[in-house]
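In this note's numbering, the protein residues as written are 650 to 998.
Where is the CB? At the ideal position from N, CA and C, for every residue including glycine.
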């Protein structure tokens with residue numbers, strides 16, 4: 650089972666089997682056996698998660714300094730693409746020499762002449778922002794914001810920003826976009842690991858929201874077309890924290906553990922807010938609560954697909970947590986329609 654397909658995002662195994670059974674059956678606000686409130690149980694999970702250690706890091710690799718990129722604009726776009734492509738090739742060679750042949754292979758795929766990156770940084774788990782389509786002439790722009798566990802190593806996976814952006818662009822073409830949509834795979838922040846305490850807190854989301862705001866402001870110097878944010882899993886927390894400060898026509902969240910707020914009204918945005926969840930996504934059983942523990946907020950508030958939250962609900966099919974951007978899935982079609990601004994064609998759940 651994939652880590653986030655678990656109902657407890659990899660954390661619930663810390664609990665006894667009987668407690669996990671009750672957790673799966675309850676919904677927010679109900680009382681656990683022996684008077685234990687669900688919020689208290691959520692805290693217990695989060696505290697226990699601090700005992701988990703992350704998986705082994707990549708082998709230590711000595712990367713060359715990244716090239717200084719020109720300020721983003723229409724006239725510098727090709728130069729930025731070329732500089733990042735060259736940096737990807739060099740980083741692939743350095744990863745090979747550093748003993749990480751798999752990462753080197755991934756980086757070489759990202760450096761193919763057919764691919765265009767607005768930015769790239771291999772340090773740590775890596776960051777990269779890829780453009781699929783004609784960014785300058787697009788009539789609409791979609792930005793795929795990925796969730797926990799995403800790195801450069803899995804950038805092209807079906808749940809990654811690169812694989813997701815490509816699938817979304819292809820689906821839009823099948824729906825008659827005719828090149829009017831550009832899609833950006835945005836790994837412009839450091840998503841938390843799925844096996845760390847940070848996956849239950851706002852820290853990475855808050856820094857991600859600031860980075861997203863900066864990026865979208867810069868993007869307007871190239872194209873001021875309407876922007877749709879497509880936010881998966883922990884990425885929906887990022888979008889929730891950014892919503893009040895970014896200019897977007899639509900914000901669609903899917904596989905969301907919450908947006909860090911209690912309702913659409915709390916987002917303080919003029920964007921249309923959409924929410925969908927696959928029929929087999931275990932995120933449904935994650936406690937949708939938010940509690941303060943020693944000054945740290947744990948959990949992300951109310952469930953975006955709950956009618957009381959106020960989002961427009963779309964049919965996300967019957968897939969699991971990583972299936973939303975999979976070719977042929979109902980969720981992918983509806984997300985492409987949202988990105989194209991064709992709200993009347995989106996099917997409801």
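Helix, strand or coil at residue i according to DSSP, with G and I counted as helix
| i | result |
| --- | --- |
| residue 791 | strand |
| residue 924 | strand |
| residue 759 | helix |
| residue 827 | coil |
| residue 725 | coil |
| residue 807 | coil |
| residue 961 | strand |
| residue 909 | coil |
| residue 846 | helix |
| residue 751 | helix |
| residue 822 | helix |
| residue 852 | helix |
| residue 733 | helix |
| residue 973 | coil |
| residue 866 | helix |
| residue 978 | coil |
| residue 997 | coil |
| residue 711 | coil |
| residue 983 | helix |
| residue 890 | helix |
| residue 797 | coil |
| residue 991 | coil |
| residue 802 | helix |
Distance CB(residue i)-CB(residue j) smaller than 8 Å
| i | j | result |
| --- | --- | --- |
| residue 879 | residue 901 | yes |
| residue 926 | residue 933 | yes |
| residue 770 | residue 776 | yes |
| residue 893 | residue 917 | yes |
| residue 789 | residue 829 | yes |
| residue 922 | residue 963 | no |
| residue 953 | residue 883 | no |
| residue 718 | residue 737 | no |
| residue 899 | residue 987 | yes |
| residue 979 | residue 966 | yes |
| residue 881 | residue 796 | yes |
| residue 836 | residue 778 | yes |
| residue 802 | residue 712 | no |
| residue 895 | residue 958 | no |
| residue 951 | residue 904 | no |
| residue 974 | residue 747 | no |
| residue 998 | residue 820 | no |
| residue 741 | residue 753 | yes |
| residue 785 | residue 723 | yes |
| residue 874 | residue 760 | no |
| residue 798 | residue 843 | yes |
Residue i versus the options, residue with shortest Cα-Cα distance
| i | options | result |
| --- | --- | --- |
| residue 848 | 867, 772, 906, 894 | 906 |
| residue 834 | 899, 794, 854, 871 | 794 |
| residue 855 | 885, 873, 960 | 885 |
| residue 758 | 890, 811, 714 | 811 |
| residue 733 | 923, 804, 767, 898 | 767 |
| residue 870 | 721, 774, 745 | 721 |
| residue 781 | 754, 831, 826, 746 | 831 |
| residue 774 | 862, 742, 764, 838 | 838 |
| residue 897 | 836, 778, 956, 792 | 792 |
| residue 859 | 850, 877, 887, 843 | 887 |
| residue 984 | 818, 711, 891, 762 | 818 |
| residue 824 | 709, 868, 958, 989 | 989 |
| residue 725 | 868, 949, 826, 948 | 868 |
| residue 948 | 957, 955, 935, 960 | 935 |
| residue 1062 | 904, 752, 731 | Nothing can be reported for residue 1062, as the shown portion of the chain is limited to 650 through 998. |
| residue 1010 | 760, 710, 714 | The question about residue 1010 has no answer here: the residues shown for the chain are numbered 650 through 998. |
| residue 961 | 969, 924, 891 | 924 |
| residue 891 | 873, 915, 875, 872 | 915 |
| residue 970 | 761, 739, 928, 874 | 928 |
| residue 1003 | 844, 843, 889 | No answer is possible for residue 1003: the residues shown for the chain start at 650 and end at 998. |
| residue 739 | 727, 751, 729, 714 | 714 |
Residue i beta carbon near the ligand SAM (any heavy atom closer than 7 Å)
| i | result |
| --- | --- |
| residue 866 | No copy of the ligand SAM occurs in the structure displayed, which carries no ligand at all. |
Residues bridged to residue i (per DSSP)
| i | result |
| --- | --- |
| residue 877 | 791, 899 |
| residue 766 | 779 |
| residue 950 | 910 |
| residue 812 | In the DSSP output, where bridge partners are listed per residue, residue 812 has none listed. |
| residue 832 | 781, 791 |
CB contact check: residue i to chain D, cutoff 8 Å
| i | result |
| --- | --- |
| residue 908 | The question asks about chain D, but that chain is absent: this structure has only one protein chain. |
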